[in-house]
Amino acid sequence: MNPVGINGTLIVQLVTFVILVALLYKYMYGPLRKVMDDRRAKIADGLAAAERGKEEMALAQKRATELVREAKDKAAEIIANAERRGVELREEAQGKAREEADRIIASARAEIDVETNRAREVLRGQVVELVVNGTQRILHREIDDQAHRDIIDRMVGQL
């Protein structure tokens, strides 16, 4: 046997090895490569999704900050409107109270005027009676009540 020579066993082994490599390439390396490519694509998609998630989170954070600012502005506006409305209501109530007080004062003055006029009329009547009675006593005689009343009424009217 020749140690360096090529014999049939070596050729069979070489053909078997080539067939084995071809079968491994076809049935093992191809599907394994496909699985690895799919895995690489999933990882790339995951990284892209994570990047998009970060961007969306930053955008959502920005929108949340904007919404909080808008809510604070709206709350400040509502508070300012409420304070302004409170001032308006207070001024309106004060105005109504002044009007009511003025009306009550005017009513009281009118009532005082009416009562004063009544009191004057009563006093005039009493003065007329006193004058007539006093005149009767002075003259010690009966005088014509109606004629003298007219004269006295004119005199009292001049008072």
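If you count by the numbering used here, then the sequence shown holds residues 26 to 184, one letter each, in order.
Quick reminder that beta carbons are idealized off the backbone N, C-alpha and C, glycines included.
Model, not experiment: these values are computed from the prediction.
For a cut-off of 8 Å, the C-beta gap from residue 153 to residue 177 is around 5 Å, short enough to register as a contact. Judged by beta-carbon spacing, residue 174 lies within the 8 Å limit of residue 157, meaning their Cβ atoms are closer than that value.
Look at residue 129 here: in three-state DSSP terms it is helix. DSSP, read as helix, strand or coil, puts residue 103 in helix. Here the C-alpha atom of residue 150 lies approximately 25 Å from the C-alpha atom of residue 133. Scanning its chain for C-beta atoms nearer than 6 Å, with the 5 sequence neighbours on each side dropped, one finds no residue around residue 112. Here DSSP, grouped into helix, strand and coil, assigns residue 32 to coil. A direct Cα-Cα distance of roughly 16 Å separates residue 89 from residue 100.
Taking residue 181 as reference, the option from 145, 70 and 55 with the minimal CA-CA separation is 145.
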